[in-house]
Amino acid sequence: MSWHLPAYAYLALLLALFVNRLLAYRSKLAQVQHLPGPRYPFGPITIIALLLPTSSWNAGVMNAWVNRSTLFTKYGLDTIAIVPWLSGQPILTTRSVDVSKQVLGFKSEWDKTAELVQALAMFGENLFACYKDRWARHRRIVQPGFTTALYAQVWDESVRVYYDMIRSEGWADRSSFTIPDVPAVTSKIALYLIASCGFGLPLTWSDTVGEKVRGLSLSQCFEVSANAVIPQALLPKWVLNLPWSYFKRIKEANLALESIVRRIIEKRRQDGPNPLTEAEANEKDVFSLLLNANDAEKDSRAALTDQELLSNVFLLMLAGHETTSRGLGSTLGLLACHPKVQDKAHSEIMHVTGGVRDPNYDDYDALPYTLGCFLEGMRIIPSVTGIPRRATVDTSLKVREKDGTMSTLPIKQGTVISVDFINICFNPEYYPSPEVYDPARWLDPEVEQGVNFSYGPRICVGKKFAMCEALATLAMLLKDYKLEPILEEGESVPQWRQRNLEGNIQTGVGFGPAKFPIRVVKRV
């Protein structure tokens, strides 16, 4: 009979493991007050969940996007809980603007998660990768770089880059042409605007932004780093030393980026002393003003170290490039599907300019519909999908129940909530018929405005920079051209849109369509 003992032992072990997992699962449910929501084997911010594709049994990185039509509606709630029954921690997720503002308010009992800080702190602490008690110090140095004079410069540079682009690509004298890779073009536009207005390095369309370092250009480094955010957030740093080509390329990109940015810092510091007057300062780029602000604080504890300065410069470059280029790319693809929207924007532009001049920064407020084209593109396909926060103390949230009444949801210290921008964007309470591309909705002053650039005191510091760049580029393009989808045989426009836009998503620091083509036809 002794040979039966191992079998009984294994059964006892399995039973013990089952009971352990069951008790752990019940504890997780209690942590989120048994709030309804999806139940998966693995927590949504575990390595295995993020590396595996989104499916009925795994959240994955695309959960909010793939399930945007059902994730919240199937539970009848705007705030739900994703609870893993095998491994990982539960998280709350919300598509409520009211709950989002409770979480993102500066005086709230919520702060950034360790995973988010690690993901964005590749070179050290910065405005995007620091906890609340350190944020004001970084903001104080970074904020002076974003001025009205800068935004006018962004507009002028956008117009210059536009003309340089169509001449260099040989498009200026053609009645129609194809852009084979729209995101690549918008990425280049965004990179050149950052080089010029961010760092005072005006370039021609045929230039490379910065010399190659370790065999990689700045744009190549951005591509590698932007697509490696998840592994860098969740894996220990020593993993990058493993002899696998994937990790070696990430490490090389990081080292090259650090070298490029450090050279920029050193060069600009050698250019001379700070400007003496406000007028001179207003003519400077973001980086010069950032250096000036930091130098002004050099004798105080508020001053940033060179490493922190480097980290802030890098994140301003990467985040600004990724979000704007992806948002503009999505917008061009959506506009190609909607010729009437293009015509309406064209009419607005011609009315403002009289058809005899280029639009300029003074026209910004006179082009609300054209700006709405960009904001609506960012709503349909948000460049930033969400923001996680962790409760720093036991607290509570005011949430809405299924019957519409408000209740208090107790929150335990350490609980994580994700502000789900994708599902806020598709919440019909804020955006009726959310799947419809309708720039006119942004003409309503009551429409929810905060979704594209976050809420509260930590609203995106580069918001106006991005909007000026996008509006100037769209105004120039739609003034001169029409955009068309390149349909396959028998394909409808909605099918083209699904194949090239919503069904062709690439995620990293930014979120948007991968490579897709459009046809551009000159207006006559």
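Residue numbers -24 to -1, 1 to 500, in mature numbering (1 follows the signal peptide of the UniProt record, and there is no 0), belong to the letters of the sequence shown in order.
Beta carbons are placed, not taken as given, at the ideal position from N, Cα and C, and that holds for glycine.
As the structure is a computational prediction, the values presented were derived from the model and not from experiment.
| Which residues does DSSP pair with Glu460 in a beta bridge? | Arg495
| Helix, strand or coil at Gln425 [DSSP, three-state] | coil
| said: So, under 8 Å CB-CB, Ala312 and Pro461 are touching, yes? Tell me the CB distance rounded to an integer number of Å. | reply: 5 Å
| message | Rounding to the nearest angstrom, what Cα-Cα distance links Asn480 and Pro159 in this structure? | response | 12 Å
| query | Considering only the beta carbon of each residue, do Phe487 and Gly309 sit closer than 9 Å? | reply | no
| task | With Gln196 as the anchor, note down where its alpha helix (DSSP H) starts and where it stops. | result | Leu194 to Ala202
| Which partner residues does Pro60 have in the DSSP bridge list? | Tyr16
| Glu133 and Leu169 closer than 9 Å at C-beta | yes
| query | Which residues in the same chain as Ser182 place their Cβ atom closer than 6 Å to its Cβ, once the five residues preceding and following it in sequence are excluded? | reply | Ser144
| message | Can you give me the C-alpha to C-alpha distance between Lys224 and Ala95, rounded to a whole angstrom? | response | 18 Å
| Three CB pairs or more closer than 8 Å across the stretch -19 to -5 and the stretch 16 to 30 | no
| task | Determine the DSSP secondary structure at Asn268, reduced to helix, strand or coil. | result | helix
| Can you tell me whether Val317 is buried or exposed, with buried defined as 16 or more other CB within 10 angstroms of its CB? | buried
| Closest by C-alpha distance to Val369, when choosing among Val79, Val328, Leu266 and Pro207 | Val79
| Inter-residue spacing [alpha-carbon to alpha-carbon] between Asn258 and Gln129 | Its pLDDT being 47, under 50, Asn258 is placed unreliably in this model, and the coordinates cannot settle the point.
| request: To the nearest angstrom, report how far apart Leu266 and Cys106 are at their CA atoms. | output: 18 Å
| request: Put Asn34 into one of helix, strand or coil per three-state DSSP. | output: strand
| field | Beta-carbon contacts of Arg477 that lie in its chain and below 6 Å, excluding the five residues immediately before and after | value | It should be pointed out that residue 477 corresponds to Leu in this sequence rather than to Arg. So the qualifying residues of the chain are Gly309 and Pro489.
| Complete alpha helix (DSSP H) runs within the stretch 54 to 128 (minimum length 4 residues, chain order) | 73 to 80, 90 to 96 and 108 to 118
| query | How is Ala367 classed by DSSP in three states: helix, strand or coil? | reply | strand
| task | Mind reading off the beta-carbon distance from Ile117 to Glu273? Whole number of angstroms is fine, and I expect it under 8 Å. | result | 7 Å
| field | Assigned exposure category for Leu450 - 16 Cβ within 10 Å defines buried | value | buried
| field | Opening and closing residue of the alpha helix (DSSP H) in which Pro315 lies | value | Pro315 to Thr329
| said: Quick check on DSSP: helix, strand or coil for Ala257? | reply: With a pLDDT of only 46 at Ala257, under the threshold of 50, the placement of this residue in the model should not be trusted, and no figure is reported.
| said: By DSSP's criteria, residue 501 is part of a beta bridge. Which residues make up the other side? | reply: The first residue shown for the chain is -24 and the last is 500, placing residue 501 beyond what the model contains.
| request: Assign Leu252 to one of two classes, buried (16 or more other C-beta atoms within 10 Å of its C-beta) or exposed (fewer than that). | output: Residue confidence for Leu252 is low, a pLDDT of 41 falling below 50, so the modelled location carries little weight; the figure read from the coordinates is stated next. Per the 10 Å Cβ criterion, exposed.
| Could you check where the alpha helix (DSSP H) with Phe153 kicks off and where it finishes? | Run containing Phe153: none in the alpha helix (DSSP H); it sits in the beta strand (DSSP E), Ser152 to Ile155.
| Nearest chain D C-beta to Ala171 closer than 9 Å, yes or no? | Given the protein chain composition of this structure (a single chain), no chain D is represented.
| message | Just verifying my parser: in three-state terms, what is the DSSP assignment at Pro(-19)? | response | helix
| Where do the ends of the beta strand (DSSP E) carrying Leu286 lie? | Counting along the chain, Leu286 falls outside any beta strand (DSSP E), though it belongs to the alpha helix (DSSP H) covering Asp282 to Ala312.
| task | Could you tell me which residues DSSP puts in a beta bridge with Pro386? | result | Ser372
| query | Quick one, are the C-beta atoms of Thr55 and Val73 less than 9 Å apart? | reply | no
| task | Provide the residue span of the beta strand (DSSP E) that contains Ile393, from first to last. | result | Val392 to Asp396
| In the structure shown, what three-state DSSP assignment does Ala(-9) receive? | helix
| said: Suppose contacts are defined by Cβ-Cβ distances below 9 Å. Is Asp396 in contact with Arg71 by that definition? | reply: yes
| query | Any idea which residues DSSP pairs Gly362 with across the strands? | reply | Asp396
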